[in-house]
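Student: To start, I am sharing the structure in question, which I have written as structure tokens.
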Amino acid sequence: MESKGIPIELNDIMSGFQERMGKLALFDPLFELSRQRKTDRGGKQVAMMELGLLTLLFFFEKKLMRSRKTSVKDLVGFLAAVLEDKYDLDQEELDDIGRRIIHVFRPSSGRKREFSFFHLGTGQEGVHYTSILRTDSYDVATNTQYYALDEDGLELVFATKEFYLEFQLSIHQLLLRKQLEKGEFQGALRQIDEMMIDVETLQDRIVSLEHEIKRSIVSEETFARYRSLLEDIYLRLKRENEEFNELRDFVRETKDRIYAERELMKNQRPYEFIVRIGIELEKVHNEHTRLLQQSMELESSALRAAKESLYYTGMNAFNFEQDIASFLFGTPLPIEAMKGVVAPFLHLEQVRVWSPLTVFAKQQLSGHDDGSVIEESLLALDEEEENFSYLRKRKERLVQVVEALLRCYEKLNRDEVRLSEFIAYLDQDEAADLKKERDFYDCWIILHQRSPIHPVMDEVKSGESDQNLYEAIRSQLQGRTLIIQETECILRVNERYSIQELIIRLGGDQDELHR
């Protein structure tokens, strides 16, 4: 087909014809309302189509307000306020208008609306189903049915603004930036609310797309089509996420500028608005980031599950005798062609090779200890060295505490002291700075946990680090046993540290203790 020498591809023209008719189907309920005849008591024709659009905007506003309980009674109250000075209607007529509009948007049968059309490309009749309103919940006590805007109804609201639903969020991001540049903060807050609805709608569509992928993939062609669709969704969400980051920086700069100029401004509301905008925008950004993560998981998990399903479907339909054996023996094939048929059923060739890149791989230090091979990386050795330094420091601190404790026993000439007495003694001891450190109190916690501390350790119950600690303490105790018992009193040593009162007793040797 040609027009003035320019070739016209009919397939290109007819591409997406059914989807375009689906967009027209969204407006069919409004045109059905326009065909209804309704007059007020003065004989004035009521604009039913315009009231239908106003009803959609009413439910859209309810969705923005996160209201989940919107009934016919609420709609009638809204219409009464709008039509009060325009039509002469009583309450019964207002109720009739509200019920008519709800019935058109949500048929009483509960089924979706049908829009029939003739497909000029296929030459067949087509049907498009739309759902403008959906039932949300039902109050049994008051016998009240609540309604909410469905996905098609939301798309119809956006279509009246000449926006494409797929790019609704991107458009709102551009509008938000323009409003912030102009200082229209009130409108910016509403724009953010609409962006939240866009994100929620995208979440619902991704969930439904996941179910559709697992249910509809029956061939490699459909698998490739869905994979391409998911890649497009991911790229679009990624671009939107980058725009969110730029918007967040722009809001922060605007907030800093307004904060710096707050003393020159008589009205502080702009700063309050920009703070709210930053908070609400961050909420939408978090939801969108979660949506981006969800799309990544969908691209990996759902497609993998669909591919496995496609694989097992092919395996179940595969018949070796019919598809392979009869083909090989019933068809005269050359040797080269037979190799190509048999090749998929043979094992893959495996060759052991050594790559020179292993020279640059992470090096391991190997050694032998009691017949076992020990392999540790350099990082592990560094961590072990740090742990050894910490244990050595803790052992030195314990030794200082025990040495000071023994000097306290010698000074007071008794074998039992309280922790408060020992702390008071430290004021006149060379180790007076001990009680100012956190390690001093950690030492008492360790000693109390291990009490009684015998001169000889049970090597089965203690590790190597514990043996080193106790060996250091044992050299100071000189064969005696250290017993630590808690009391109910709490010592307030200084402003930073408090510890429970302890009774510290130095007993005789181990044999005397067990008698």
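The letter at position 175 of the sequence shown is residue 175 when you use the UniProt record's numbering, and the numbering goes up by one with no holes.
Positions of the beta carbon are idealized from the N, C-alpha and C atoms, including for glycine.
Model, not experiment: these values are computed from the prediction.
Ignore the nearest five residues each way along the sequence and tell me which others in LEU434's own chain have a CB closer than 7 angstroms to its CB.
Tutor: What you label residue 434 is simply residue 434 of the sequence shown in a count that begins at 1. Cβ within range, chain order: GLN400, VAL401, ALA404, LEU426, PHE440.
Student: Can you tell me which residues form a DSSP beta bridge with ASP139?
Tutor: Taking the first residue of the sequence shown as 1, we reach residue 139 at position 139. ASP139 pairs with THR144.
Student: Leaving out five residues before and five after ILE277 in sequence, what residues of the same chain have Cβ atoms less than 8 angstroms from its Cβ?
Tutor: Within the sequence shown, the letter at position 277 stands for residue 277. If we look at ILE277 and ignore the five residues flanking it on each side, its Cβ neighbours are LEU180, PHE185, ALA188, LEU189, ILE192, VAL251.
Student: DSSP three-state label for HIS454, please.
Tutor: As a first step, residue 454 must be located in the sequence shown, where it is residue number 454. Of the three classes helix, strand and coil, the one that applies to HIS454 here is coil, per DSSP.
Student: Would you say LEU56 and LEU156 are within 8 angstroms of each other, going by their C-beta atoms?
Tutor: Translated into positions along the sequence shown, residue 56 becomes position 56. Translated into positions along the sequence shown, residue 156 becomes position 156. Taking 8 angstroms as the Cβ cut-off, LEU56 and LEU156 qualify as a contacting pair.
Student: For TYR271, which of helix, strand or coil comes out of DSSP?
Tutor: Locating residue 271 in the sequence shown gives position 271, where the first residue counts as 1. TYR271: helix per DSSP, three-state reduction.
Student: Taking ARG496 as part of the alpha helix (DSSP H), name the residues at either end of that continuous run.
Tutor: Looking up residue 496 in the sequence shown gives position 496. Taken as a continuous stretch (DSSP letters only), ARG496 belongs to no alpha helix (DSSP H), as it is neither H nor E.
Student: Given a threshold of 16 other Cβ atoms within 10 Å of its Cβ, counted over all protein chains shown, does SER295 qualify as buried or as exposed?
Tutor: Taking the sequence shown and counting its residues from 1, the one referred to as residue 295 is at position 295. That one is buried.
Student: Please name the residue or residues paired with ILE490 in a DSSP beta bridge.
Tutor: Counting from one through the sequence shown, the residue named residue 490 turns up at place 490. Note: ILE490 sits in a beta bridge opposite GLN500.
Student: Determine the burial state of CYS408: buried for a count of at least 16 other Cβ atoms within 10 Å of its Cβ, exposed for fewer.
Tutor: Numbered from its first residue, the sequence shown carries residue 408 at position 408. Buried, by the Cβ-count rule.
Student: Is ILE445 close to chain D, meaning its C-beta is less than 8 angstroms from at least one C-beta of that chain?
Tutor: The chain inventory of the structure shown lacks chain D, comprising one protein chain alone.
Student: If you draw a straight line from the C-alpha of PHE345 to the C-alpha of ARG304, how long is it?
Tutor: Residue mapping note: residue 345 aligns to position 345 of the sequence shown, counting from 1. Residue mapping note: residue 304 aligns to position 304 of the sequence shown, counting from 1. Near 23 angstroms, if we compare the C-alpha coordinates of ARG304 and PHE345.
Student: How long is the line joining the alpha carbons of ASP40 and GLN293, rounded to whole angstroms?
Tutor: Here residue 40 refers to the residue found at position 40 of the sequence shown. Here residue 293 refers to the residue found at position 293 of the sequence shown. Their backbone Cα atoms lie some 54 angstroms apart in a straight line.
Student: Measure the beta-carbon distance from LEU33 to VAL104 and round it to whole angstroms, keeping in mind my assumption that it falls under 8 angstroms.
Tutor: Reading the sequence shown from its first residue, position 33 is the one you call residue 33. Reading the sequence shown from its first residue, position 104 is the one you call residue 104. Their Cβ separation, rounded to whole angstroms, is 6 angstroms, which keeps LEU33 and VAL104 in contact under 8 angstroms.
Student: With distances taken from CA atoms, which of PHE118, ALA148, GLY121, ASP139 is nearest SER131?
Tutor: Locating residue 131 in the sequence shown gives position 131, where the first residue counts as 1. Nearest C-alpha to SER131: ALA148.
Student: Report buried or exposed for MET195, applying the criterion of at least 16 other Cβ atoms within 10 angstroms of its Cβ.
Tutor: Within the sequence shown, residue 195 is the residue found at index 195, counting from 1. The residue is buried, with at least 16 neighbouring Cβ atoms inside 10 Å.
Student: Give the C-beta separation of PHE115 and HIS128 to the nearest angstrom, bearing in mind that I take them to be a contact with Cβ-Cβ under 8 angstroms.
Tutor: One-based indexing of the sequence shown puts residue 115 at position 115. One-based indexing of the sequence shown puts residue 128 at position 128. The Cβ separation is near 4 angstroms, so the contact holds.
Student: By the DSSP assignment, the alpha helix (DSSP H) with ARG35 in it spans what residues?
Tutor: Position 35 of the sequence shown, counted from the first residue, corresponds to residue 35. 17-35 is the extent of the alpha helix (DSSP H) around ARG35.
Student: For the candidate residues LYS63, ILE102, VAL46, VAL140, whose alpha-carbon lies nearest to that of LYS73?
Tutor: Walking along the sequence shown from the start, residue 73 turns up at place 73. Nearest option by C-alpha distance: ILE102.
Student: With a 10 Å radius around its C-beta and 16 neighbouring C-beta atoms as the bar for buried, classify MET48 as buried or exposed.
Tutor: To locate residue 48, count along the sequence shown from 1; it is residue 48. Flag for MET48 reads buried.
Student: How about GLU501 and SER420: are their beta carbons less than 8 angstroms apart?
Tutor: On the sequence shown, position 501 is the one that residue 501 refers to. On the sequence shown, position 420 is the one that residue 420 refers to. Yes, Cβ-Cβ distance for GLU501 and SER420 is below 8 angstroms.
Student: Assign residue 563 to one of two classes, buried (16 or more other C-beta atoms within 10 Å of its C-beta) or exposed (fewer than that).
Tutor: Because the chain spans 1 through 515 in this model, residue 563 falls outside it and cannot be assessed.
Student: Tell me the residue span of the beta strand (DSSP E) that contains VAL342.
Tutor: Working through the sequence shown from its first residue, we reach residue 342 at position 342. Run containing VAL342: none in the beta strand (DSSP E); it sits in the alpha helix (DSSP H), 335-342.
Student: Quick check: the Cα distance between GLY16 and LEU169, rounded to an integer number of angstroms?
Tutor: Stepping through the sequence shown from its first residue, residue 16 is reached at position 16. Stepping through the sequence shown from its first residue, residue 169 is reached at position 169. Going by the C-alpha atoms only, they are around 23 angstroms apart.
Student: Measure the C-alpha to C-alpha separation of MET338 and PRO356 and round it to an integer number of angstroms.
Tutor: Residue 338 sits at position 338 when you count from the first residue of the sequence shown. Residue 356 sits at position 356 when you count from the first residue of the sequence shown. Rounded to whole angstroms, MET338 to PRO356 spans 38 angstroms at the Cα level.
Student: Consult DSSP for GLU210 and reduce its assignment to one of helix, strand or coil.
Tutor: The sequence position of residue 210 within the sequence shown is 210, counting from 1. Helix.
Student: Any idea which residues DSSP pairs residue 552 with across the strands?
Tutor: Because the chain in this structure spans residues 1 to 515, residue 552 falls outside the shown range and cannot be described.
Student: Pick from GLN145, GLY22, ILE197, ALA424: whose alpha carbon is nearest that of LYS283?
Tutor: Here residue 283 is taken as the residue at index 283 of the sequence shown, counted from 1. The shortest Cα separation from LYS283 among GLN145, GLY22, ILE197, ALA424 belongs to ILE197.
Student: Starting from the Cα of VAL342, find the closest Cα among VAL351, VAL353, PHE329, ARG99 and give me that residue.
Tutor: In the sequence shown, residue 342 corresponds to position 342, counting from 1. Answer by Cα proximity: PHE329.
Student: Start and end of the alpha helix (DSSP H) containing VAL359?
Tutor: Stepping through the sequence shown from its first residue, residue 359 is reached at position 359. Per DSSP, VAL359 belongs to no alpha helix (DSSP H) and is neither H nor E.
Student: Can you give me the C-alpha to C-alpha distance between SER377 and ASP204, rounded to a whole angstrom?
Tutor: Position 377 of the sequence shown, counting from 1, holds the residue named residue 377. Position 204 of the sequence shown, counting from 1, holds the residue named residue 204. Its pLDDT being 40, under 50, SER377 is placed unreliably by the model, and the measurement read from it follows with that caveat. Roughly 49 angstroms between the two C-alpha positions.
Student: If we call anything under 8 angstroms between Cβ atoms a contact, is ILE484 one with ILE504?
Tutor: Against the sequence shown, residue 484 aligns to sequence position 484. Against the sequence shown, residue 504 aligns to sequence position 504. Yes, the pair counts as a contact, with Cβ atoms nearer than the cut-off.
Student: Which of helix, strand or coil does DSSP assign to GLU437?
Tutor: On the sequence shown, residue 437 is found 437 positions in, with the first residue counted as 1. If DSSP states are grouped into helix, strand and coil, GLU437 belongs with coil.
Student: Just grab the DSSP bridge partners of GLY507 for me.
Tutor: One-based indexing of the sequence shown puts residue 507 at position 507. Answer by DSSP bridge pairing, in chain order: THR481.
Student: Once you ignore the five residues that flank ARG448 on each side, which residues in its own chain have a CB closer than 6 angstroms to its CB?
Tutor: Here residue 448 is taken as the residue at index 448 of the sequence shown, counted from 1. With the sequence shown as reference, residue 448 is identified as His, and Arg is not the correct amino acid for it. Answer for HIS448: ILE484, listed in chain order.
Student: Taking CYS489 as the reference, give the member of ARG257, ARG418, GLY43, ASP85 with the closest Cα.
Tutor: Stepping through the sequence shown from its first residue, residue 489 is reached at position 489. Considering only alpha carbons, the answer is ARG418.
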